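Peer 1:
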Amino acid sequence: MIRKLLVANRGEIARRVFATCRALGVETVAVHSDADADAPFVLEADQAVRLPGNTPAETYLRVDLILDAARRSGADAVHPGYGFLAENGEFATAVTDAGLTWVGPPAKVIAAMGDKLAAKALLAEAGVPMLPSWTDTDEITDFPVLVKASAGGGGRGMRIVQDSAGLAEAVASARREAAAAFGDGTVFIERYVERGRHVEVQIFGDTHGRVVSLGDRECSIQRRHQKIVEEAPAVVPERVRTALHEAAVAAGRAVDYLGAGTVEFLLAPGGEFFFLEMNTRLQVEHPVTELCTGLDLVGLQLLVAEGEPLPATLPASTGHAIEVRLCAEDAAAGWRPATGTLHRFTVPQVAAEFGGLAGPGLRLDSGVVAGSVVGVHYDSMLAKLVAWGRTRAEATRLLSTALTRAELHGVTTNRDLLVRVLRSPAFAAVEIDTGFLDRHAEVFAPLLPADRLPLAALVAALASAAGRRAEARVLAGLPSGWRNVPAVPQVTRFTGPDAEIEVRYRLDRTGGLAEWSTEPSATDPSATHPSGTDPGATDPAVALVEATPDRVVLDVDGVRHAYRVHRVGSAVFVDGPDGAASLAELPRLPRPTAEVAAGSLLAPLPGAVTRVHVQVGQRVSAGDPLLTLEAMKLEHPVLAPTDGVVAELPVPAGGQVRTGAVLAVIDN
């Protein structure tokens, strides 16, 4: 039996495996980079071993360091999580050669399925349906096609090509990304199925020759070919479900599969389906299968690794589960990753973490907690929030409501997009496919309507004033800004999502809101209006019910609204019934700052400049690629914002930059 398990991965999956180990009485060992030294998964392990460095290549991908950590800690088994090492046959071999128990399929199975071209050929012989594919671009005459990396997964190295003009660059770009991510730049090309759905089947095999399917999942809503919303079961006709499960089990039997695996398929609009790949590991979306079956898939992994047979009777899937991946990224800005300190991370009504949910409710699998620092070295996923309900509609409502009420402060996330997807009519009608986000631009809008942002700014101003009064040592009982004779209003300025906002307000002798406006004007009295009742005003009629440093209650057009306020330094986070706002209060007397040259393009986050596409003096047009910035394992093109001439390129290829660094200067 396994006594002490080392998890060769980080973040949420390490915490997930540790949770099962605690329930089974298995001791745990974490390995960590310097950046992760204080991460929750490290603190929860029974033992932890430092891997010197920060980047994945320096730490979590170093087989020699991980095996040494197992030796030093006395671990007798290794679980690879679902990082790159989980699909590395050489790592599996090294673990078993070291006399340790490997929690995963044998190295030969990993190798066979890790080469997607070889896997397609092998499984086609077993009768699994396949899409036509090519390795020679000269053979391709029909478009669109999909360029794919032969090694690895996670959507990296994938490019959709609509016509022959873009094929060569797509292949070259996919090769670069695949080589950087997997150490193998081999790519191939498949026919691209328009309006295709991504459906997968969970399989399990044991050492006694049994291979079974444990349910299916719908994973069609994706960004950059990476899943962000997953659900179980997939909404498909029963005849299609039966055929999918039969094909998945046939694939598993063809390679003598062992442990947890996922067979992924592309479902065409007419019901025909094709093999995509087999992931020889536990999937990120495994919780939806656990909630629908009541099984602990990590527990089954350990059972199989110990040589035990799978249970003779396995439960059928019941109810419906939906999972969303909460990521540190700005969805509306081209999925730009976000960094920073997570000042608050609170999701209400969570009934379980990493398993153990019985009945309708919410489960949270998180790699972060309040105070966690989100850096540039690793994937942008913060957590997975999962809802189980008796029906799909019930699970959808539970999940979307919890997301809207969550307090996520300090780091930009994709929360608003996830809520809008879940609440969209197309999602409710199961009108989904892998191109869902490309067709539904409306889901990228923030939850907080633009006309409600001034109200959030007013809330922030009132809470800040209440905070100052609470700290006052003299006349603390007087309302903020009170004057014996009404004079000019108080003014508080904030930076918002897109511009500065100036709030002007005045309280009466009782502390009530006498007048307010967000129309900035220093001299025109008409810029303010009593309680927002000016017929020409755009702000709603507002009465102040309560204002404390962390809670403001307003009567807005006759409806009472309660807002939660959290301040960290100059940052003010407002959560209310309309959505959330992140503001920064500006000082009344700002210090002078150095000006950046006109036409400067600034780095949106720390990273490395991998390629420079232009030269100083070159004329460019708006939208032309200037350089490529790599951060959080993804490439981010930096495009010319306008026509002009490249005046400066201060960072060469290979250079590291911080947020706000000048990447290029364009003269008009």
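Residues 612 to 1279 in the working numbering are what the sequence shown spells out, letter by letter.
For each residue, glycine too, the CB sits at the ideal point set by N, CA and C.
Only a predicted model underlies this, so the values are computations on that prediction, with no experimental measurement involved.
1. Reducing DSSP to helix, strand and coil, say where S991 ends up.
2. What did DSSP end up calling Q658 once you bin it into helix, strand or coil?
3. What whole-angstrom Cβ distance do L1058 and A1067 have, given they're in contact under 8 Å?
4. Between A709 and the rest of its own chain, which residues show a CB-CB distance below 6 Å, the 5 nearest in sequence each way excluded?
5. Going residue by residue through the stretch 1185–1246, where are the continuous alpha helix (DSSP H) segments of at least 4 residues, counting only ones entirely within it?
6. DSSP on V618, reduced to helix/strand/coil?
7. Starting from the C-beta of L757, find all residues in its chain whose C-beta is less than 6 Å away, skip the five residues before and the five after it, and write them out in chain order.
8. Beta-carbon separation of E901 and L908 under 8 Å?
9. Kindly indicate which residue of A1251, Q1229, A1208, D1166 has the alpha-carbon position closest to the one of T1239.
10. The alpha helix (DSSP H) with M724 in it runs from where to where?
11. Which residue comes first and which comes last in the beta strand (DSSP E) that contains S831?
12. Looking at the structure shown, is L742 part of a helix, part of a strand, or coil, going by DSSP?
13. Could you check whether the stretch 807–817 touches the stretch 991–1009, counting it as contact only if at least three pairs of C-beta atoms, one from each stretch, sit closer than 8 Å?
14. Can you give, in chain order, each stretch of the alpha helix (DSSP H) that sits fully within the stretch 1017–1044 and has at least 4 residues?
15. Output yes or no for whether 8 Å exceeds the beta carbon distance between V899 and E842.
16. Measuring straight from C-alpha to C-alpha, what distance separates V932 and T891?
17. Opposite R1104 in the DSSP bridges: which residues?
18. Hey, out of A1209, S1035, A963, A1152, whose CA is closest to T1253's CA?
19. What are the complete alpha helix (DSSP H) segments, minimum 4 residues, inside the stretch 869–957?
20. Is it buried or exposed, D649, if we count other Cβ atoms within 10 angstroms and call 16 or more buried?
21. Have a look at L733, L913, I839 and flag the residue whose alpha-carbon is nearest the alpha-carbon of R864.
22. Hey, how far is the Cα of S977 from the Cα of R834?
23. Assign E829 to one of two classes, buried (16 or more other C-beta atoms within 10 Å of its C-beta) or exposed (fewer than that).
24. Whole angstroms is fine: what's the gap from Q773's alpha carbon to G1234's?
25. Quick one: what's got a C-beta closer than 7 Å to R1026's C-beta in the same chain, skipping five residues either side?
26. Specify the secondary structure class of P651 as computed by DSSP and reduced to three states.
27. CB-CB under 8 Å to P844, same chain, minus the five flanking residues each way: which ones, in chain order?
28. With DSSP collapsed to three states, give me the class of T748.
29. Sort E896, S831, A871 by Cα distance to F1038 and report the nearest one.
30. Measure the C-alpha to C-alpha separation of V1176 and V1164 and round it to an integer number of angstroms.
31. Should W946 be labelled buried (16 or more other beta-carbon atoms within 10 Å of its own) or exposed?
32. If you follow the beta strand (DSSP E) that A1154 is part of, which residue opens it and which one closes it?
33. Within the same chain, show all residues whose beta-carbon is closer than 7 Å to that of F965, passing over the 5 residues directly before and after it, in chain order.
34. Threshold first: 4 residues or longer. Then list the alpha helix (DSSP H) segments lying entirely within the stretch 622–647, N to C.
35. Between which two residues does the alpha helix (DSSP H) harbouring D708 extend?
Peer 2: In brief:
1. Translated into positions along the sequence shown, residue 991 becomes position 380. If DSSP states are grouped into helix, strand and coil, S991 belongs with coil.
2. By one-based count along the sequence shown, residue 658 stands at place 47. Strand, per DSSP.
3. Position 447 of the sequence shown holds residue 1058. Position 456 of the sequence shown holds residue 1067. Not quite, the Cβ-Cβ distance comes to about 11 Å (not below 8 Å), so this is no contact.
4. Position 98 of the sequence shown, counted from the start, is the residue given in the question as residue 709. Correct list, in chain order: L678.
5. Counting only runs of 4 or more, we get nothing.
6. Counting from 1 along the sequence shown, the entry for residue 618 is found at position 7. V618 falls in the strand class under three-state DSSP.
7. Counting from one through the sequence shown, the residue named residue 757 turns up at place 146. Close CB contacts of L757 within its chain, under the 6 Å cut and outside five residues either way in sequence, are with I771, E801, Y803 (chain order).
8. As a position in the sequence shown, residue 901 is number 290, starting the count at 1. As a position in the sequence shown, residue 908 is number 297, starting the count at 1. Yes, these two residues count as a Cβ contact at 8 Å.
9. Position 628 of the sequence shown, counted from the start, is the residue given in the question as residue 1239. Comparing Cα positions, the closest option is A1251.
10. Within the sequence shown, residue 724 is the residue found at index 113, counting from 1. Taken as a continuous stretch (DSSP letters only), the alpha helix (DSSP H) holding M724 covers 718–725.
11. In the sequence shown, counting from the first residue as 1, residue 831 sits at position 220. Where S831 is concerned, the enclosing beta strand (DSSP E) starts and stops at 822–834.
12. Position 131 of the sequence shown, counted from the start, is the residue given in the question as residue 742. DSSP places L742 in coil when its eight states are reduced to three.
13. Between the stretch 807–817 and the stretch 991–1009, the count of Cβ pairs shorter than 8 Å is below three; the stretches do not touch.
14. Taking 4 residues as the minimum length, the alpha helix (DSSP H) runs contained wholly in the stretch 1017–1044 are 1026–1033, 1036–1039, in order along the chain.
15. Counting from 1 along the sequence shown, the entry for residue 899 is found at position 288. Counting from 1 along the sequence shown, the entry for residue 842 is found at position 231. Yes, these two residues count as a Cβ contact at 8 Å.
16. Residue mapping note: residue 932 aligns to position 321 of the sequence shown, counting from 1. Residue mapping note: residue 891 aligns to position 280 of the sequence shown, counting from 1. Strictly speaking, residue 932 in this sequence is Ala, with Val absent from that position. The C-alpha of T891 is placed about 23 Å away from the C-alpha of A932.
17. Within the sequence shown, the letter at position 493 stands for residue 1104. BP columns for R1104 point to E1113.
18. Taking the first residue of the sequence shown as 1, we reach residue 1253 at position 642. The alpha carbon of T1253 has as its nearest neighbour, out of A1209, S1035, A963, A1152, the alpha carbon of A1209.
19. Fully enclosed alpha helix (DSSP H) runs of no fewer than 4 residues occupy 897–904, 908–916 of the stretch 869–957, in order along the chain.
20. Sequence index remark: in the sequence shown, residue 649 carries index 38 (1-based). The Cβ neighbour count for D649, taken over all protein chains shown within 10 Å, is under 16; the residue is labelled exposed.
21. Here residue 864 corresponds to residue number 253 of the sequence shown, with the count starting at 1. Here the closest residue by C-alpha is L733.
22. Numbered from 1 along the sequence shown, position 366 holds the residue referred to as residue 977. Numbered from 1 along the sequence shown, position 223 holds the residue referred to as residue 834. Each residue's Cα considered, the two are about 20 Å apart.
23. Within the sequence shown, residue 829 is the residue found at index 218, counting from 1. The residue is buried, with at least 16 neighbouring Cβ atoms inside 10 Å.
24. To locate residue 773, count along the sequence shown from 1; it is residue 162. To locate residue 1234, count along the sequence shown from 1; it is residue 623. Cα-Cα distance, rounded: 19 Å.
25. The residue given as residue 1026 occupies position 415 in the sequence shown. Excluding sequence neighbours, R1026 sits near L937, L1014, A1017, L1019.
26. One-based indexing of the sequence shown puts residue 651 at position 40. Correct three-state label for P651: helix.
27. Here residue 844 corresponds to residue number 233 of the sequence shown, with the count starting at 1. Counting only residues of its own chain and dropping the five nearest sequence neighbours on each side, P844 has a CB closer than 8 Å to the CB of G826, D827, R828, E829, R852, C903, S928, H931.
28. To locate residue 748, count along the sequence shown from 1; it is residue 137. Assignment of T748 by DSSP, reduced to helix, strand and coil, places it in the helix class.
29. By one-based count along the sequence shown, residue 1038 stands at place 427. When only C-alpha atoms are compared, the closest one is S831.
30. As a first step, residue 1176 must be located in the sequence shown, where it is residue number 565. As a first step, residue 1164 must be located in the sequence shown, where it is residue number 553. Those two C-alpha atoms are separated by around 11 Å.
31. The sequence position of residue 946 within the sequence shown is 335, counting from 1. Around the CB of W946, 16 or more other CB atoms lie within 10 Å, so the residue is classed as buried.
32. Indexing the sequence shown from 1 puts residue 1154 at position 543. 1153–1159 is the span of the beta strand (DSSP E), which, as asked, contains A1154.
33. Residue numbering aside, residue 965 sits at position 354 when the sequence shown is read from its first letter. Excluding residues within five positions, the ones whose Cβ falls inside 7 Å are R626, R627, A630, D976.
34. 622–635, all fully within the stretch 622–647.
35. Within the sequence shown, residue 708 is the residue found at index 97, counting from 1. DSSP places D708 in the uninterrupted alpha helix (DSSP H) bounded by 700–708.
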